[in-house]
Structure formats: structure tokens, C-alpha cells
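Participant: Below you will find the structure I want to go over with you.
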Amino acid sequence: MKFFAKHLAFASLASLMMMGMAHAADGVSVSEPFARATAPSAKAGAAFLTLSIASGEDKLLSVASPVAEKVELHNHIMEDGIARMRAVDAIPVVAGTPTALKPGGLHIMLIGLKQQLKEGDTVPLTLRFEKAGDVVVAVPVKGAGVRPGGDDHSGHGHGHSH
Amino acid sequence: MKRPFLLGIAALAAALALLAGTVLLTEQMRPGSSTADGGSGRADIGGPFTLTDHTGAPVTEAALQGQVSLVYFGYSFCPDICPTDLQVIGETLDLVQDDLPEAQGLFITVDPERDTQAQLAGYVSLFHPHIRGLTGTPEQVAAAAKVYRAYYKKVSAEEAGSSDYLMDHSAFIYLFDRQGQFVRVFGHGAEAAAIAEAMRALK
């Protein structure tokens, strides 16, 4: 029962974060989560967020989501104009320096999507940290090419109406 | 004994070709070399290709005739680089809408195995109605990439550490004028406003 309570606490913590209260007293904070909308038959999608920690350090070990068969941590490296995407084992979080997972770099890769990610939907992710354990985050789906920090010119809703 | 040796030579040649292509592109990406003087002997990017668009229509280099075009090589499985660049292309097409209403984007997949016509149809429509998704046989795609000096390489799931294979690929936005002549290239991270300005100069 205690175990369950702990997870409940994490879940409510996550929902607090979703409301912009991205500061946890003693653990990892997750802010600005978003996923990109995908094509109807897309096999892969991506989610992005920023991780920070008030003190000490932690490590994002893995992520799970009911919307994908597999979730991996990936990095994109641009070398001489060539994009090379590779999986990474874990993503460290250190106090003082937020770790931004953003387009063009570290990202959460959703592989084997079970559903289309539609703009306006919310996708649950369970982030597993080495110390903080599981943190559940509700990730809003934004435009297909959206970049961090806003709705990315929401006037550009080219989506399905065309 | 002979085969590994030949393979080694081939790998070396491929690496040199890539290096040469990269140097060339880097050179052309310098601000000073961005003059839109089409036909100035920089015609060695672009050329004949035969592909199929996301509606099933055949597409050749003739599609570049008559309107200003942005050409991009990528793949829809790519979650962050390609959507960002396609978003930029879509924003650029919006910015030039009044001046160049016929301007188009061509998204050429480097992953024909996964990027079928149907897959591309759902994908490109996320970004802009004037972006066409092009695919073809692996040979057709390879031929197109060659004339554009685009680089791509399949990376096995094992090598990438992933559960599926990934593609390394050059992320360049190529600008072509109304005559289908190569003008210049923009790298990943280019701003829509800058590309739009270069496009308007070709009005």
C-alpha cells in the first residue's frame, strides 16, 4: 500500500508540473513537455521536454507510453550538415543545468505508434529515473513541426483542413 | 582477400565523394556566395530524376520548371530534424505566397522502404499543401540523391542502438529558380524569412 501511495504521489506531482508548477522539492522536475503531431500511419513520433533537479543529480533511464510499442531515448547529432540519429542509454540530470530535450538534439522517440498523434491530444509518458523513480507526465501534442517555446505560429495550421 | 580490399576502396571512394560534396555545399552556404545569379556555372546540383509523388503521379526534374522550388531530402520516420525543416519550408511558402503563389516544396524520401506513397501523403500534408512527397524504388531514390549530392546511409538497428533502422542523411534545403536551375542551399536551422527573401529575388 505504501508503494502504491508513493506512485500516486508521483502521479499528482506530475499533474502539478503540467499546470506549470514545475518545481519539486527534492526530485526531478519536468517542464514544457510536448509531442509532435504525426501522419495517420506514422510508425514513429517524438516527444520533448526539459528536465531539471533542485539539488544533486539523477538520470533518466527509460520511458514508457501506452501509445507506442517501444519508447527510446535518442540523440541527433549534426555533423557537416548530416543528421545522425542514435539511441542513448540514459540522460543525466544535474542541478543547476536543465537538460533540454528538444528538436535537433535529445528526444524521446516513440516507436511503433499505436495511434496517430493528433494536435490537441495528450499523450501519457512514464519517465523512469534512477533515483526519483517513475514520473508520469501528460504530454500535449502540438503541430508536426513545432519547436519549443510556444504554439509555433499557430496561424500555420496547415494540418487536415487542406 | 580480393573482396574486402575492393570494399575498402569503395568505402574510401564514398567517403571522399561525401567529403567533396560537403565541402562544396559548405562553400555554397557562405553568405557571400548566395547571389541569385542562376546559370553561373553552378548547375552541378540537380538533374534528371524519376520518382512518384504522394498522389501516385510520376515526377521528373520537369516539375522544377515554371516555379521557384525548395527541395529537401529526408524521411518521415525522422522525428525531429525533418519535421523542423519541413516546418521551415512550409512557413517559407506561406511568406512568399503573395509574390510566388506557385512556389513549391519537394520532399524526397531517402527511406523508400518505409516511405510509401500512402505514408508520404499523410506526412507532407501535415506541413503545407504545396509540399509534394516523392518516393520511388531504392534505385530511383539513389539516382535522385546522386544528382542532388544528397548523402544518406541506412544505419542498422544494432548500430543505431535502436529497435528499428535509422537513416543518416544530409539536411539541406536546395533552392531552385523557375528554370529549374540550382541557386543555393540552406542548412538545417535556416530561417524561413531568409529563405523567403532569396526566393523573392527569383520572382
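Top to bottom, those sequences are chains V and F. Quick note on my numbering: the first sequence kicks off at 2 and runs consecutively. Quick note on my numbering: the second sequence kicks off at 1078 and runs consecutively. All C-beta atoms in this analysis are idealised placements derived from N, C-alpha and C, irrespective of residue type, glycine included.
Counting only C-beta atoms, is F/L1184 closer than 8 angstroms to chain V at any point?
Facilitator: The residue asked about is misnamed: residue 1184 of chain F is Phe in this sequence, not Leu. No - not a single Cβ of chain V is within 8 angstroms of the one on F/F1184.
Participant: Name the residue from F/L1170, F/T1161 and F/G1266 whose alpha carbon lies nearest to the alpha carbon of F/Y1152.
Facilitator: F/T1161
Participant: Look up F/S1187 in the DSSP assignment and say whether it is helix, strand or coil.
Facilitator: The residue asked about is misnamed: residue 1187 of chain F is Val in this sequence, not Ser. Coil, per DSSP.
Participant: Counting only the same chain and skipping the five closest in sequence on each side, list residues whose C-beta sits under 8 angstroms from that of F/F1249.
Facilitator: L1102, Y1149, F1150, A1227, V1262, F1263, G1264 and H1265
Participant: Excluding the 5 residues preceding and the 5 following F/V1201 in the sequence, name in chain order all residues of the same chain whose CB lies nearer than 7 angstroms to its CB.
Facilitator: H1131, F1184, I1208, R1209 and G1210
Participant: In chain order, what residues of the stretch 1246–1258 of chain F put their CB closer than 9 angstroms to some CB of chain V?
Facilitator: H1246, S1247, A1248 and F1249
Participant: To which residues of the same chain is F/G1199 closer than 8 angstroms at the C-beta, ignoring the five residues directly before and after it?
Facilitator: none
Participant: Using a C-beta to C-beta distance shorter than 9 angstroms, which residues of chain F count as neighbours of V/G105?
Facilitator: D1157, I1158, T1161, H1265 and G1266
Participant: Is the distance from the Cβ of V/F49 to the Cβ of V/H108 below 8 angstroms?
Facilitator: yes
Participant: So which residues on chain V does F/R1191 lean against when the C-beta distance must stay under 7 angstroms?
Facilitator: Result: K44.
Participant: Rounded to a whole number of angstroms, what is the C-alpha to C-alpha distance between F/D1121 and V/K132?
Facilitator: Looking at the backbone, the Cα of F/D1121 and that of V/K132 are separated by about 55 angstroms.
Participant: Does DSSP classify V/G106 as helix, strand or coil?
Facilitator: coil
Participant: Exposed or buried, what is V/P93 when buried is set at 16 or more other beta-carbons lying within 10 Å of its beta-carbon?
Facilitator: exposed
Participant: Taking the continuous beta strand (DSSP E) assigned at V/E80, which residues delimit it?
Facilitator: A69 to E80
Participant: Which residues of chain V have a Cβ atom closer than 9 angstroms to the Cβ of F/G1213, listed in chain order?
Facilitator: The premise fails here: F/G1213 is roughly 19 angstroms from chain V at the closest Cβ pair, so nothing lies under 9 angstroms.
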